[in-house]
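J.: My questions all concern the structure below.
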DNA sequence: AAATAAACCAAACAAATGTTTGTTTGATAA
DNA sequence: TTATCAAACAAACATTTGTTTGGTTTATTT
């Protein structure tokens, strides 16, 4: 059980070449199932089957079903954060920046695959431990929008948190009514921002 | 299996006086559990236990778990519809009416018990049959807001569906961040409407 | 008081659940 | 070649799931 005596020369770069090569596949399958059926209604056999293996084999890649959800969450947050930050790059003007962020957020949420949807919809009321793990990551993401709203030229009487909550709520809720082929995410985001700016 | 021969005199008002007296209790328990844990993660034994009976005994009141969810949905829609219609009663002015409806919607959703939350959050992606049953009722409710938005004095260039989707999205999403003791539902609704009106 | 029927219990049912175990496979490294 | 090790299988594990069955209590009606 004790650690082996370290060699004088480095154990030179473990070099486990194709290690865990099917992990992305499993994660994809999990994200798809979690999105379509929800976490509780999805079984390990469902996911394993989609990835072409048996349920037990998954435990070589993930120690539990909860860990799968956590991994999907983290990947989802990673993707949506990256998309928003890239969309903000080089954009100037506070309203333009907010609109760019909103459009990117929507694009990932509506046309960007299953991960982001799971992040948004599957707030884990299941386990308190899970919530403690995931809440900070979500909060960090929402801080991006907090800053963007802070930079808006609003009258001092306008409560900024209303602006943020209203916009993010409208954006996040869109996955319940959006159907592919309808209005494009960018158009929806532009429309929402226009309403917020009071242009009507 | 054939229906009994109808008597010449009415089978005079079945008069089952206190029949199904514990149905409300069961429904309450189900709504609470569905809200807190979600439909799939809630077991029949959970609900039965909360109502002080065994799981099997529930089948004298509801033929299946799905029927329980349907019943909770219907009761939730009934309550929220009633609250909004009562709030609209006597209110004049298109913006005032929209704000009154939004405030009532929020009040039921945030402080009005478990039924409405289940209606809003637990869109049944589980069963297609379930969805067909519940979707029309939800649509009928949203029509109230559709009409209210149609009555607003907006420039012809303003897409009305953006207004409706943005407001309802913001309202419905509020249950994810609202904590009792914070800003009152009426204040939140007023703030959102003010933003929509462009007063800032 | 007798009869009827609703409400409930106690126990079981088959199926599905997340997870564990022991073993086999196939590629890589010594 | 031989040893190693990740990856997967096959099978079982103990629980939990929604639901059914048959009998017993309880309340209402005749």
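Protein chains in written order, with the numbering used here: chain A, 28 to 227; chain B, 28 to 227. Where is the CB? At the ideal position from N, CA and C, for every residue including glycine. The structure displayed is predicted, hence computed values, not measured ones.
1. Can you give me the start and stop residues for the alpha helix (DSSP H) that residue 95 of chain A sits inside?
2. By Cβ distance, which residues of its chain are closer than 7 Å to residue 173 of chain B, with the 5 residues on each side in sequence left out?
3. With a CB to CB cut of under 6 Å and the five nearest residues on each side skipped, what residues in its chain are close to residue 52 of chain A?
4. Which residues, in chain order, does the region 63-80 of chain B contribute to contact with chain A at a C-beta distance below 7 Å?
5. Apart from the five residues on each side of it in sequence, which residues of its chain come closer than 7 Å, Cβ to Cβ, to residue 41 of chain A?
6. With distance defined between alpha-carbon atoms, name the residue in A:48, A:184, A:126 and A:224 nearest to residue 212 of chain A.
7. Quick check on the burial criterion: 16 or more other C-beta atoms within 10 angstroms. Buried or exposed for residue 209 of chain B?
8. Identify whether residue 69 of chain B lies in helix, strand or coil by the three-state DSSP scheme.
9. How many angstroms separate the CA atom of residue 109 of chain A from the CA atom of residue 131 of chain B?
10. Taking the alpha-carbon positions, what's the residue 182 of chain B to residue 170 of chain B distance?
11. Keeping to the same chain, check which residues put their C-beta closer than 7 Å to that of residue 72 of chain B; ignore five residues upstream and five downstream.
12. Which full runs of the alpha helix (DSSP H) of 4+ residues lie inside the region 132-204 of chain A, going along the chain?
13. Quick check: the region 115-122 of chain B against the region 83-90 of chain B, are there 3 or more CB pairs under 8 Å?
14. Using the beta-carbon count (16 or more within 10 Å), is residue 59 of chain B buried or exposed?
15. Given 8 Å as the limit, is there contact between the region 100-108 of chain B and the region 212-221 of chain A, that is, 3 or more CB pairs closer than that?
16. Can the beta-carbon of residue 175 of chain A be found closer than 8 Å to that of residue 128 of chain A?
17. Taking 8 Å as the CB-CB limit, is residue 203 of chain A close to chain B?
18. With residue 193 of chain B and residue 115 of chain A assumed to form a contact (beta carbons below 8 Å), what rounded beta-carbon distance in angstroms separates them?
19. Return helix, strand or coil for residue 87 of chain A, following the three-state DSSP convention.
20. Leaving out the 5 sequence neighbours to the left and right, which residues in its chain are closer than 6 Å to residue 164 of chain A when beta-carbon positions are compared?
21. Just tell me which of B:147, B:162 and B:167 has its CA closest to the CA of residue 66 of chain B.
22. How many angstroms separate the CA atom of residue 201 of chain A from the CA atom of residue 179 of chain B?
23. Taking Cβ-Cβ distances below 8 Å as the criterion, which residues of the region 195-220 of chain B are in contact with chain A?
24. When you check each C-beta in the region 177-191 of chain B against every C-beta of chain A, which residues fall closer than 8 Å?
25. Any beta carbon of chain B sitting closer than 8 Å to that of residue 193 of chain A?
26. Compute the Euclidean distance between the alpha carbons of residue 161 of chain A and residue 48 of chain B, then round it to the nearest angstrom.
27. Would you grab the beta carbon distance between residue 142 of chain B and residue 99 of chain B for me? Rounded to a whole angstrom, and I think it's under 8 Å.
28. Quick one: Cα of residue 197 of chain A to Cα of residue 145 of chain A, how far?
29. Tell me whether residue 207 of chain A sits in a helix, a strand or coil according to DSSP, three-state version.
30. Considering only the alpha carbon of each residue, which of A:185, A:101 and A:63 lies closest to residue 166 of chain A?
31. Exposed or buried, which one is residue 62 of chain A when buried takes at least 16 other CB atoms within 10 Å?
32. In terms of residues, what are the limits of the alpha helix (DSSP H) holding residue 82 of chain B?
33. Is the Cβ-Cβ distance between residue 185 of chain B and residue 150 of chain A less than 8 Å?
34. DSSP state of residue 213 of chain A, grouped into three classes?
35. Since residue 139 of chain B meets chain A, which of its residues come closer than 8 Å, beta carbon to beta carbon?
36. Between B:224, B:226 and B:95, which has its C-alpha nearest residue 157 of chain B's C-alpha?
T.: According to the structure data:
1. As a first step, residue 95 of chain A must be located in the first chain, where it is residue number 68. Counting along the chain, the alpha helix (DSSP H) containing residue 95 of chain A begins and ends at 92-115.
2. As a position in the second chain, residue 173 of chain B is number 146, starting the count at 1. Same-chain partners within the cutoff: 191.
3. Position 25 of the first chain, counted from the first residue, corresponds to residue 52 of chain A. Cβ neighbours of residue 52 of chain A beyond the five flanking positions: 78.
4. 63, 64, 65, 67 and 68
5. Along the first chain, one-based indexing puts residue 41 of chain A at 14. In this prediction, residue 41 of chain A scores a pLDDT of 37, lower than 50, which makes its location untrustworthy; the coordinate-derived value is nonetheless stated afterwards. Contacts found: none.
6. What you label residue 212 of chain A is simply residue 185 of the first chain in a count that begins at 1. Looking at the Cα atoms, A:126 is the closest of the given residues.
7. Residue 209 of chain B sits at position 182 when you count from the first residue of the second chain. Flag for residue 209 of chain B reads exposed.
8. To locate residue 69 of chain B, count along the second chain from 1; it is residue 42. Three-state result, residue 69 of chain B: coil.
9. Within the first chain, numbered from 1, the residue matching residue 109 of chain A stands at position 82. Within the second chain, numbered from 1, the residue matching residue 131 of chain B stands at position 104. So the two alpha carbons sit approximately 38 Å from each other.
10. For the purposes of this step, residue 182 of chain B is taken as residue 155 along the second chain, with counting starting at 1. For the purposes of this step, residue 170 of chain B is taken as residue 143 along the second chain, with counting starting at 1. Their backbone Cα atoms lie some 21 Å apart in a straight line.
11. Position 45 of the second chain holds residue 72 of chain B. Same-chain partners within the cutoff: 82.
12. 141-148, 155-177 and 187-200
13. no
14. For the purposes of this step, residue 59 of chain B is identified with residue 32 of the second chain, where counting begins at 1. With 16 or more other Cβ atoms within 10 Å, it is buried.
15. no
16. Indexing the first chain from 1 puts residue 175 of chain A at position 148. Indexing the first chain from 1 puts residue 128 of chain A at position 101. Yes.
17. Stepping through the first chain from its first residue, residue 203 of chain A is reached at position 176. Closer than 8 Å to some Cβ of chain B, the Cβ of residue 203 of chain A qualifies, so yes.
18. Here residue 193 of chain B refers to the residue found at position 166 when the second chain is read from its first residue. Here residue 115 of chain A refers to the residue found at position 88 when the first chain is read from its first residue. With a Cβ gap of about 22 Å, residue 193 of chain B and residue 115 of chain A do not count as contacting.
19. For the purposes of this step, residue 87 of chain A is taken as the residue at position 60 of the first chain. It is helical.
20. For the purposes of this step, residue 164 of chain A is taken as residue 137 along the first chain, with counting starting at 1. Closer than 6 Å at Cβ, skipping near neighbours: 104.
21. If you number the second chain from 1, residue 66 of chain B lands on position 39. With distances taken between Cα atoms, residue 66 of chain B lies closest to B:147.
22. Taking the first chain and counting its residues from 1, one reaches residue 201 of chain A at position 174. Taking the second chain and counting its residues from 1, one reaches residue 179 of chain B at position 152. So the alpha carbons of these two residues sit roughly 22 Å apart.
23. 195, 196, 197, 198, 199, 200, 201, 203, 204, 215, 218 and 219
24. 181, 182, 184, 185, 186, 189 and 190
25. The sequence position of residue 193 of chain A within the first chain is 166, counting from 1. Interface residue, yes.
26. On the first chain, residue 161 of chain A is found 134 positions in, with the first residue counted as 1. On the second chain, residue 48 of chain B is found 21 positions in, with the first residue counted as 1. The alpha-carbon atoms of residue 161 of chain A and residue 48 of chain B are separated by roughly 43 Å.
27. As a first step, residue 142 of chain B must be located in the second chain, where it is residue number 115. As a first step, residue 99 of chain B must be located in the second chain, where it is residue number 72. The pair is a contact, with the Cβ atoms about 6 Å apart (cut-off 8 Å).
28. As a first step, residue 197 of chain A must be located in the first chain, where it is residue number 170. As a first step, residue 145 of chain A must be located in the first chain, where it is residue number 118. Residue 197 of chain A and residue 145 of chain A: Cα-Cα distance of roughly 17 Å.
29. Residue mapping note: residue 207 of chain A aligns to position 180 of the first chain, counting from 1. In this structure, residue 207 of chain A counts as coil in the three-state DSSP scheme.
30. The residue labelled residue 166 of chain A in the question sits at position 139 within the first chain. For residue 166 of chain A, the nearest C-alpha among the options comes from A:101.
31. Walking along the first chain from the start, residue 62 of chain A turns up at place 35. By the 10 Å Cβ count, residue 62 of chain A comes out buried.
32. Position 55 of the second chain, counting from 1, holds the residue named residue 82 of chain B. Note, residue 82 of chain B: premise wrong, no alpha helix (DSSP H); not H, not E.
33. Here residue 185 of chain B is taken as the residue at index 158 of the second chain, counted from 1. Here residue 150 of chain A is taken as the residue at index 123 of the first chain, counted from 1. No, they are not a contact pair.
34. Mapped onto the first chain, residue 213 of chain A falls at position 186. Residue 213 of chain A: helix per DSSP, three-state reduction.
35. Residue mapping note: residue 139 of chain B aligns to position 112 of the second chain, counting from 1. Correct list: empty, because the minimum Cβ distance to chain A is about 18 Å.
36. The residue labelled residue 157 of chain B in the question sits at position 130 within the second chain. Here the closest residue by C-alpha is B:95.
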